[in-house]
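Count along the sequence shown starting at 1, add 920, and that's the number in this note's numbering.
By construction, the Cβ of each residue, glycine as well, lies at the ideal position given by its N, Cα and C atoms.
Here's the structure, in structure tokens; my notes come after.
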Amino acid sequence: MAGDVGYISQQEGNAPAVQYNLGADSAYANRNADYEAYLQKSKAAQKAAEKPRNFTQIDVSKFSQLLAKITRTTSTQKCARSIRVALQSSGAKIQQHPVAASDWGNTLQKLGFTKIMPQFDRPQKGDIYIIKATSKHSYGHIAGYSGSDWVSDFKQRTYDVYKDKKVTYEYYRLPN
921 MAGDVGYISQ QEGNAPAVQY NLGADSAYAN RNADYEAYLQ KSKAAQKAAE KPRNFTQIDV
981 SKFSQLLAKI TRTTSTQKCA RSIRVALQSS GAKIQQHPVA ASDWGNTLQK LGFTKIMPQF
1041 DRPQKGDIYI IKATSKHSYG HIAGYSGSDW VSDFKQRTYD VYKDKKVTYE YYRLPN
């Protein structure tokens, strides 16, 4: 009976709870039922928030080492593939992925990366940046930081590989 629409329970001190039948059509009963539904939804939302996010574990050291092994000095136009292979080889479970480098932001976030303000002046091992598509580069660009260099499908001299005007960067980092 307790919790049924139209009933309210009241208890004072150590006395047994008293059930009052308010009638199924009473305004109080309806508000009480709405409140109970709200509490249930709130509890479900809280439990969902408490569950650990299902991120794959990426070994940043291994990712950085794999990037450091890339020694080419010119691009092969396969930056997204290069970063994907390095991520997968370091533990990332990637089910589906975009082809264009400029579209990798959501995939990185699903892997546990956080989008942050660009930190080109103080990058950390494992950081990844994306250059969004431009009029001259429709697929954009993606690169990771090895600890000493920005690397994509080649070892870059700098992060600033496009000389286009109005280049837009996105910057991603794994939480510590």
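Quiz item: Under the rule that 16 or more other beta-carbon atoms within 10 Å means buried, what is residue 1062, buried or exposed?
Solution: buried
Quiz item: So, residue 1093 versus residue 1033, is the Cβ gap smaller than 8 Å?
Solution: yes
Practice problem: Look at residue 1081 and residue 1054 and say whether their C-beta atoms are less than 8 Å apart. | Solution: no
Quiz item: Are the stretch 1063–1079 and the stretch 1022–1033 touching, with three or more C-beta to C-beta distances below 8 Å?
Solution: Under the Cβ criterion (8 Å, minimum of three pairs), the stretch 1063–1079 does not count as touching the stretch 1022–1033.
Self-check item: One or two residues paired with residue 1070 in a DSSP bridge
Solution: 1065
Self-check item: Residue environment, residue 1035, which counts as buried when at least 16 other CB atoms sit within 10 Å
Solution: exposed
Quiz item: Is DSSP giving residue 1085 helix, strand or coil here?
Solution: coil
Quiz item: Would you call the CB atoms of residue 1000 and residue 986 closer than 8 Å?
Solution: no
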